[in-house]
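Here is the structure we will look at.
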Amino acid sequence: MKIFTAILSAVVVIAVLVVGHLYWGYKTDPSRFKPDSVAVKAEKAKAEPATGKKRSVNKADQPETSLVAYTKNWPKKARADFENALSKERAYKIAIVGSDAMGANTHGWGPQLKQALQDAYGSYVSVSLFAYHLNSDEFIREGKYKDVAHFKPDLILFEPFILINNGAVAMDNQLDDIKTAAAAWDDAVLMIQPSYPLYKAANYPAQVKELASYAKKEGYTYLDHWKNWPDPDSDAFKSYVTFQNGEQTAPSNKGTKAWYDYLRKFFIAE
59 MKIFTAILSA VVVIAVLVVG HLYWGYKTDP SRFKPDSVAV KAEKAKAEPA TGKKRSVNKA
119 DQPETSLVAY TKNWPKKARA DFENALSKER AYKIAIVGSD AMGANTHGWG PQLKQALQDA
179 YGSYVSVSLF AYHLNSDEFI REGKYKDVAH FKPDLILFEP FILINNGAVA MDNQLDDIKT
239 AAAAWDDAVL MIQPSYPLYK AANYPAQVKE LASYAKKEGY TYLDHWKNWP DPDSDAFKSY
299 VTFQNGEQTA PSNKGTKAWY DYLRKFFIAE
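The numbering of the sequence shown is my numbering, which starts it at 59 and goes up by one.
Written out as structure tokens, the structure is:
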């Protein structure tokens, strides 16, 4: 009996020693820590960007590349300024300036173009309409050009009241008025366009031609939307203007569409 008890005690001691050794080996084995360490590093990598590198930007955080493609018809400086505004996340300002023929308070080409620009470029553009029933001398004398300057536009589309001027302001004075306004808008890219054409007009087409020559000479982009209208001397043209008491007073819906379509295709290239 004593021999059996001694053997049993020896077996228990050996078992305790073996289990203790195995437990110690488990506790001190460095490999048991690796999975947790790797998991922690993986989670940390997901939560934090790598130091020294920029965070990857989701497409929703930046403008689509198509926005720049839309500007392919713009003057070179206007395109560069627009890209610069995009990079700084600043709205690019566009001023549409001219006579009330743009229909600023109706469904004219002015409001339509503004809406089209906002639809295409979203919050990356800020568009403002400046419409006046004035001739160019009054526009300057009353300081209306300063209203445009206060907007601080990057780009100005200017219809310099050439139709209202017809018979009221000499052409030399009209060009001087443009120079005065342009000097106040020196930081902006200036583009010039005529007002709407007239049916079988006498002197007006020659004045518009002189305006186009002046714009080219001064280095301004000239938007000749007349190319999008029928021949003003043709009978087909008559439906493009509105007549009141025999006078042509405004573009008709057809004329407004012809004007708007030309400008939309220029400002939002497809």
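Glycine included, every Cβ here is placed at the ideal spot set by N, Cα and C.
Check                                                                                                                                                                    : Outcome
Please report the distance separating the alpha-carbon of Glu200 from that of Asn286.                                                                                    : 33 angstroms
Specify the secondary structure class of Tyr280 as computed by DSSP and reduced to three states.                                                                         : strand
Among Ala174, Val185, Ala308, which residue has its Cα nearest to the Cα of Ser253?                                                                                      : Ala308
Going by other Cβ atoms of all chains shown within 10 Å of its Cβ, with 16 needed for buried, is Asp139 buried or exposed?                                               : buried
Could you give the first and the last residue of the continuous alpha helix (DSSP H) run that contains Ile220?                                                           : 220-223
Mind checking which residues open and close the beta strand (DSSP E) that includes Ser157?                                                                               : 150-157
For Ile326 and Asp195, I'd like the C-alpha separation in whole angstroms.                                                                                               : 32 angstroms
If the criterion is Cβ atoms closer than 8 angstroms, does the pair Leu215 and Val155 meet it?                                                                           : yes
May I ask you to list the residues that DSSP assigns as paired with Gln302?                                                                                              : Glu305
What is the DSSP secondary structure of Ile198, reduced to helix, strand or coil?                                                                                        : helix
If we count the other Cβ atoms within 10 Å of its Cβ and call it buried at 16 or more, is Lys323 buried or exposed?                                                      : exposed
In three-state DSSP terms, what is Ala241?                                                                                                                               : helix
Run the CB neighbour count on Pro93, radius 10 Å, all protein chains shown included, and call it buried at 16 or more, exposed below.                                    : Because the pLDDT of Pro93 is 40, which lies under 50, any placement of that residue in the model is unreliable, and the number read from its coordinates should be weighed accordingly. Answer is exposed; the Cβ neighbour count stays below 16.
For the beta strand (DSSP E) holding Ser253, just list the boundary residues, first then last.                                                                           : From DSSP, Ser253 is part of no beta strand (DSSP E); its letter is neither H nor E.
Which class does Ile214 belong to by DSSP, given the choice of helix, strand or coil?                                                                                    : strand
Excluding the 5 residues flanking Thr314 on each side, which residues of the same chain have their C-beta closer than 7 angstroms to its C-beta?                         : Gly161, Gly166, Trp167
Looking only at its chain, what residues have a beta carbon closer than 7 angstroms to the beta carbon of Pro255, apart from the 5 residues adjacent to it on each side? : Trp284, Trp287, Pro290
Roughly how many angstroms separate the alpha carbons of Tyr320 and Asn224, rounded to a whole number?                                                                   : 24 angstroms
Would you mind reading off the limits of the beta strand (DSSP E) that contains Ser184?                                                                                  : 183-190
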